[in-house]
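Undergrad: Order-wise, the sequence lines are chains A and B. Final position of the first sequence in this note's numbering is 106; the numbers increase by one with none missing. Final position of the second sequence in this note's numbering is 923; the numbers increase by one with none missing.
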Amino acid sequence: MAPLEHYLILSAVLFSLGVVGVVVRRNAIVVILCIELMMNGANLAFVAYGRYLDSMAGQMIVFFVMAVAAAEAAIGLAIVVLIYRNRESTDLDEINLLKL
Amino acid sequence: MASSLFFYFLAVVTTVGAIAVVAFPSPLYSVLALILTFLGLAGLYLSLHAQFVAIVQVIIYASAIMMLFLFVVMLINLGREEKRELQLPGQKLLGAIAGLAVFSVLLKIFLSTSLMTGKKGSFPPERVDELGNTQVIGNLLLTDYVLPFQAMGVLLFVGIVGAVVLARRRSR
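Okay, here's the thing in structure tokens:
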């Protein structure tokens, strides 16, 4: 059984890779993918803590986070499709209508 | 020893998948790499005695949600990101700095032991395995967590309606 710290380090790695992706990538779909990656990093930490503290709360929260992720993916992708219809592109650098 | 090897194998698979999500220029390959990451995470949940969460991870995350992403990627037919200069100079460097900063903060929080001093819960893994993981979760969902459970239903409903309203073709 791997110690708790290893699970937590892996979770931190996943979360930070998600942060890097959100900052670096310019494609809206990939940015949403990276947000999913960050949520999964958090989920892993929840389950690992729950396992080592003999609690079910971690697994319950993961269940709710998955519902939020599903809703977020559905709405986010609908917005991406809308943007693509209007601008023929999903490049986030080109979505600057609010810029002066 | 075997379960420890299992963990390191899955950790490598998950990390490689996550790096590939960020690094692949084509969104299609990013989605496929994320599926690999999610399957690795499902294995990790199994090793943490969270069987129900592992199965839900495979069925909902790796299948349903990623299917949605694949559909959108194929629907709007994006090529690879064009190689033109970034609007923000040094964006890659900024990304690496942001990632490292978040990583070090998280590491500092996780490796400080103060998070593990709380009192233990009433569900040690042996007891949960004896009762059945899914059964325990089902009981908790309809007793202690009934309000979040209902709120989740409302949230998903709003998500469905919102997606339909947003993506439908306006008839003029």
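A virtual CB, placed ideally from N, CA and C, is assigned to each residue, including glycine. Here the structure is a predicted model, which means the values were calculated and not measured.
In whole angstroms, give me the CA-to-CA distance for Arg-91(A) and Ala-815(B).
TA: For Arg-91(A) and Ala-815(B), the distance between alpha carbons rounds to 24 Å.
Undergrad: If you run the structure through DSSP and keep just helix, strand and coil, what is Asp-97(A)?
TA: Of the three classes helix, strand and coil, the one that applies to Asp-97(A) here is strand, per DSSP.
Undergrad: Which of helix, strand or coil does DSSP assign to Asn-33(A)?
TA: Strand at Asn-33(A).
Undergrad: Report yes or no: do three or more beta-carbon pairs, one from the region 21-40 of chain A and one from the region 793-809 of chain B, lie closer than 8 Å?
TA: The answer is no - the region 793-809 of chain B does not touch the region 21-40 of chain A, with fewer than three Cβ pairs under 8 Å.
Undergrad: Have a look at Val-772(B) and Val-782(B) and give me their C-alpha separation to the nearest angstrom.
TA: Their backbone Cα atoms lie some 7 Å apart in a straight line.
Undergrad: Three or more beta-carbon pairs under 8 Å between the region 16-35 of chain A and the region 837-847 of chain B, yes or no?
TA: The answer is yes - the region 837-847 of chain B touches the region 16-35 of chain A, with three or more Cβ pairs under 8 Å.
Undergrad: By the three-class DSSP mapping on this structure, what secondary structure does Tyr-55(A) have?
TA: Reduced to three states, the DSSP call for Tyr-55(A) is helix.
Undergrad: So Arg-878(B) is in the alpha helix (DSSP H); what residue range does that whole segment cover?
TA: Its alpha helix (DSSP H) spans residues 876-882.
Undergrad: Note down, one range per segment and in chain order, each alpha helix (DSSP H) of at least 4 residues found wholly within the region 846-920 of chain B.
TA: Segments of the alpha helix (DSSP H) lying fully in the region 846-920 of chain B: 876-882, 884-893 and 897-918.
Undergrad: Indicate the three-state DSSP secondary structure (helix, strand or coil) for Ala-84(A) in the structure shown.
TA: Reduced to three states, the DSSP call for Ala-84(A) is helix.
Undergrad: Are the C-beta atoms of Pro-840(B) and some chain C residue less than 9 Å apart?
TA: You won't find chain C in this structure, because its protein chains are A and B.
Undergrad: Any Cβ of chain A within less than 9 Å of the Cβ of Ser-814(B)?
TA: Not closer than 9 Å to any Cβ of chain A, the Cβ of Ser-814(B) fails to qualify, so no.
Undergrad: Select from Leu-103(A), Ile-89(A), Val-53(A) and Ala-79(A) the residue whose C-alpha is nearest the C-alpha of Gln-65(A).
TA: Considering only alpha carbons, the answer is Val-53(A).
Undergrad: Would you say Gly-794(B) faces chain A, with C-beta separation under 9 Å as the test?
TA: No - not a single Cβ of chain A is within 9 Å of the one on Gly-794(B).
Undergrad: Taking a Cβ distance cut-off of 8 Å, strictly less, list which residues of the region 778-794 of chain B are near chain A, in chain order.
TA: So the list reads Pro-778, Ser-781, Val-782, Leu-785, Thr-788, Phe-789 and Leu-792, given in the order they occur along the chain.
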